[in-house]
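In case it helps, this note's numbering puts the sequence shown at residues 1 to 290. All residues carry an ideal CB built from backbone N, CA and C; glycine is no exception. This structure is a prediction, so every number in the text was calculated from the model and none was measured.
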Amino acid sequence: MVSAASPEIAPPRSRYRDWRERKIAAYPKRADELIVEVRNPRQLSVAERGAILERVARANMAVYASGCGEDPDKEIARALARQFGLHRLDPNWLADDDGVSSIRAVSTTPRGEIIPYTRKPVRWHTDGYYNPPERRIRAFLLHCVHAAAQGGETQLLDPEIAWLLLNDANPAWARALMRPDAMTIPARDGARKAQAGPVFWFDDDGALHMRYTARTVSIEWAQDPDTQAAVRFLVQWLSDDAPFALRLKLTPGMGVICNNVLHTRSAFRDDPARPRLLYRARYYERITPP
């Protein structure tokens, strides 16, 4: 468990080293290792659910591949999430009425002005980094209905790996990004208050969380030298093909279920007859493997 990882929670260095070694040894080398074949995502078998939880324990994420194909039923995503204790959807302002977002390229406002609803690349981020603390996103699910004709690949990266490598580089940098004023999202046109908070933090149960975006606009970082150095480290590391990042392209019937891992999306080109469509469900709960 992560509770053995944090110097804040478990001071003995031997525990940290043990957790680090186990984490990196178990971490998937290829995205294929995340994939679990499932017959019916609406009702997983005991073995299928166990296989997904095993991958979440290793990497805070899993990829399921089902035979649902291009079935547009949004209940597929919600039903699968419920089987992992995910119930409280984040009703963000761009979500559909049921709380699940339909991610497709659109030209109308306001969605057409937001990068995920375009064909442009999306930089490294965790979901809901602009949310207030009472609406922290701890898990999300992406379900593919239609894939892009070209491009649209996803990269995924466990925040625990990011924290470990940052701590290896300089423990002071890791501590700086755990400060409550490390990263601030400025207020937006009176519709959202400024949101300051840490990049990394540990819950009382020892689970590590991350809120981050690689955007360079509408972001305010603390100005102390350690925070600035930590941000430069993350930007450089993530731009250097991000060692440990796992790349895949979701195809119809596939999906990602995770504890709000870092992720990106490459630019893409649509098939006009079947434009790219993914459902995104964001949750306040966390998936907790046994």
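Item, Value
"Backbone secondary structure at ALA196 - three-state DSSP", "strand"
"Own chain, CB closer than 7 Å to MET178, minus 5 neighbours either side, in chain order", "PRO198, PHE200, TRP201"
"Helix, strand or coil at ASP32 [DSSP, three-state]", "helix"
"Nearest-angstrom Cα separation, counted from PRO132 out to ALA31", "32 Å"
"With 16 other Cβ atoms within 10 Å as the buried cut-off, status of ALA194", "exposed"
"Cross-strand partners of THR264 (DSSP beta bridge)", "GLN155"
"Endpoints, the alpha helix (DSSP H) within which ARG175 is located", "171-176"
"Contact under 8 Å by Cβ, HIS143 with GLU285", "no"
"Classification of ASP189 by the beta-carbon crowding that lies within 10 angstroms, buried from 16 upward", "exposed"
"Inter-stretch contact (C-beta, 8 Å, three-pair minimum) for the stretch 153-171 and the stretch 263-279", "yes"
"Secondary structure of PRO290, DSSP reduced to three states", "coil"
"Residue closest to ASN92, alpha-carbon to alpha-carbon, out of PRO121, ILE137, ASN60", "ILE137"
"GLY112 versus ASP271 - alpha carbon distance", "Any reading at GLY112 must be qualified, since the residue scores a pLDDT of 49, below 50, and its modelled position is unreliable; no value is offered."
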